[in-house]
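According to our numbering, the stretch in the sequence shown is residues 97 to 407, in order.
Where is the CB? At the ideal position from N, CA and C, for every residue including glycine.
The model shown is predicted, which means the values in this text are computed figures rather than measured ones.
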Amino acid sequence: MATDLQRKENLPELTDQIIATYEEIGTIHHLGHCPLPSTEAVIQIAQCFKEVIFPGYRCRQNLHLGNIVYHIGNLVDSLHDQLTEQIARALRHDYSRKENSGCGDGSNIDFEKQGQEKAIQILESVPNIRRKLAKDVQAAYEGDPAAHGLDEIIFCYPGLEAVTIYRIAHALYQIDIPLIPRMLCEWAHNNTGIDIHPGATIGDSFFIDHGTGVVIGETCEIASHVKIYQGVTLGALSFPRDDNGEIIRNQKRHPTIEEGVVIYANATVLGGTTVVGANSVVGASVSLMKSVPPNTIVTIEKPSLKFREAS
């Protein structure tokens, strides 16, 4: 049998073979360029935001009016610095990608200054994000008889976790910060099984019950007081293409869900022109690709069951 040393004799050759693919395939590495946003830093930003939004529920618990200013002040200061650096990285990379300019070489743009300005804009949005999330928590409590209190929802509900990160990411998305909004939402997707694009527009008092498998697309518009269950897809139909066969982007591809709608488990609503009218109900496992007027109940016909004796 080959010894460990003999086995390792092949490693330099294997390394050369791997490195050769970096020259052969240039689309899936990031070498010799300015640094990208850090996944670890973006996750830390998300955790800090959650501590600011839900103080007393996450890392530090013995908080009171005597120390809350110091605690939140430290977190806000940390968020400012982390956001500034990561946003500047994202802006610089986006510029260099579009202009093919290395690391923003030749540009007069002060990416650090832009990063700081946008970091302040995001921090200024936190009070409004908290107001929206308070309504989301209340909607979950009012919509789920299994919830015994607001604390349980904040601690335990994956739907609230996903919506919390979405609302933060959406604030970044609205001021044209590249990459980081998607990184945030995909982190939440990995943790919760709920996939919300940061570009979606979602109103107040939004509740995702159970949540696993929910997909909400980029151009989806959801009004206030909407409730959806696990497995719901608010997606797109086939994508239109231009004369060169390229997907046409920046068009509305996902449905509009009006106020007070309930969508039950595993329902699929597709298409940019599809509108589910206010106070309608979309039943479980429905596949809907056309608009329905307000106050409509959409269900599939009851399937027939077949019984036979087990062998």
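C-alpha distance - residue i paired with residue j, whole-angstrom precision
i	j	result
L49	A186	With the chain running from 97 to 407 in the structure shown, residue 49 is simply not present.
H293	I264	12 Å
T117	D190	25 Å
V233	S174	26 Å
S376	E317	15 Å
M97	E119	Confidence at M97 is low in this model, with a pLDDT of 49, below 50, so its placement is unreliable and no value can be given for it.
N425	Q212	The structure shown does not extend to residue 425, since the chain spans only 97 to 407, so no value can be given for it.
Q270	G295	8 Å
K323	V394	15 Å
I204	D339	A quick correction: the sequence has Asn, not Ile, at residue 204. Taking the straight line joining both Cα atoms gives about 36 Å.
F303	A236	5 Å
T329	P108	48 Å
K146	E282	16 Å
I344	C155	44 Å
E220	I183	16 Å
A242	P274	39 Å
G368	D112	48 Å
G313	I225	21 Å
D247	T308	21 Å
T180	A267	15 Å
G122	E195	17 Å
L406	T315	As written in the sequence, residue 406 is Ala, which differs from the Leu given in the question. About 48 Å.
Residue i: first and last residue of the uninterrupted alpha helix (DSSP H) it sits in
i	result
G135	Residue identity check: residue 135 is Thr in the sequence provided, not Gly. Taken as a continuous stretch (DSSP letters only), the alpha helix (DSSP H) holding T135 covers 135-149.
T111	107-120
G83	Beyond the ends of the chain as shown, which are 97 and 407, falls residue 83; an answer cannot be given.
G211	207-220
L280	276-288
Residues bridged to residue i (per DSSP)
i	result
R193	R193 is not bridged to any residue.
F303	K323
I308	Inspection of the sequence shows that residue 308 is occupied by Thr rather than by Ile. In DSSP, T308 forms no bridge with anything.
R337	I343
S383	T364
D240	Bridge partners of D240: none, in fact.
T123	Beta-bridge pairing links T123 to no other residue.
Run of the beta strand (DSSP E) containing residue i, from where it starts to where it stops
i	result
L366	364-366
L401	Unbroken run through L401: none, as it is neither H nor E.
T370	It is not in any beta strand (DSSP E) - T370 carries neither H nor E in the DSSP assignment.
L132	Careful: L132 lies outside any beta strand (DSSP E) and carries neither H nor E.
L330	329-331
6 Å CB neighbourhood of residue i in its chain, flanking five on each side removed
i	result
T297	E317
I353	I318, V322, V372
S301	K231, A235, S320, H321
V357	V322, V372, S376
Proximity test, Cβ basis, 8 Å: residue i and chain C
i	result
E105	Absent from the structure: chain C. Only one protein chain is present.
Neighbourhood of residue i by C-beta distance below 8 Å, restricted to the same chain and skipping five residues each side
i	result
L159	P151, G152, H167
I216	H176
P336	I343, I344, Q347
Sequence-distant residues of the same chain with beta carbon closer than 7 Å to residue i, five excluded per side
i	result
L132	H126, R185, H189
L171	C144, E147, V148
Inspect the CB distances between the stretch 253-260 and the stretch 275-290 and report whether three or more fall short of 8 Å.
yes
Three Cβ pairs or more, each shorter than 8 Å: is that satisfied between the stretch 382-389 and the stretch 351-368?
Yes, they touch.
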